[in-house]
Amino acid sequence: MAEAGKRLILAFDFGTRRIGVAVGNEMIASARPLDPLPARDGIPDWSRVTRLVEEWRPDLFVVGLPLNMDGTESAMSLRARKFGKRLYGRYGKTCEMVDERGSTREAKAIAREAGHLRDRDKSYRDDGVDGIAAVLILESWFAHQEGLPKA
Numbered sequence: 010m011a012e013a014g015k016r017l018i019l020a021f022d023f024g025t026r027r028i029g030v031a032v033g034n035e036m037i038a039s040a041r042p043l044d045p046l047p048a049r050d051g052i053p054d055w056s057r058v059t060r061l062v063e064e065w066r067p068d069l070f071v072v073g074l075p076l077n078m079d080g081t082e083s084a085m086s087l088r089a090r091k092f093g094k095r096l097y098g099r100y101g102k103t104c105e106m107v108d109e110r111g112s113t114r115e116a117k118a119i120a121r122e123a124g125h126l127r128d129r130d131k132s133y134r135d136d137g138v139d140g141i142a143a144v145l146i147l148e149s150w151f152a153h154q155e156g157l158p159k160a
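In my numbering, the protein residues as written are 10 to 160.
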């Protein structure tokens with residue numbers, strides 16, 4: 010495993026139908042979206058996750074934690090934590106949870122600014138904003154590592 014500050018990270022925006030994925034480099038605090046993983050009731054095709062892990066060889070996983078606006082946990086928080094534990098159990102890599110409050114709303118705003126019209130844009134419908142949300146989750150993790158407040 011690479012030392013802190015030089016790690017490659019796979020980040021996930023957990024969802025019941027799709028799981029957004031982003032890859033990032035800690036040294037340059039840069040992230041980019043990857044294709045989302047289809048999920049059935051929150052369960053991904055683990056063979057696809059394994060292919061991602063084999064391709065990118067991450068040192069760490071980051072999973073967005075969907076907290077309620079008052080900071081309490083929700084049913085989705087528990088499911089996201091379970092997903093993170095499964096990542097750790099299957100691949101033996103540390104998994105850190107990150108408060109993702111507001112990331113989906115911000116991702117939708119970014120998509121709209123890029124010209125995606127929710128009801129008419131097939132790519133928005135097919136891929137949603139899951140990858141953008143995963144990038145935002147990872148960027149939030151980078152900021153936290155640098156001691157910066159959450160954007």
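We put the beta carbon where it would ideally sit given N, CA and C, even for glycine.
Note that the structure is predicted; figures quoted are calculated from it, not measured.
- When secondary structure is reduced to three states using DSSP, residue 39 falls in the strand class.
- Residue 53 and residue 110 have their C-alpha atoms roughly 22 Å apart.
- Sequence-distant Cβ neighbours of residue 16 in its own chain, meaning closer than 7 Å and more than five residues away, are 35, 68, 69.
- Within the region 82-107, the complete alpha helix (DSSP H) segments of 4 residues or longer fall at 84-100, listed in chain order.
- Excluding five sequence positions before and after residue 39, the CB atoms of its chain that fall closer than 7 Å to its own CB belong to 33, given in chain order.
- Boundaries of the beta strand (DSSP E) harbouring residue 21: 17-22, taken from the DSSP string.
- If you look at residue 69, you'll find it in the beta strand (DSSP E) that goes 69-74.
- Linking residue 57 to residue 90 through their CA atoms gives a straight-line distance of about 20 Å.
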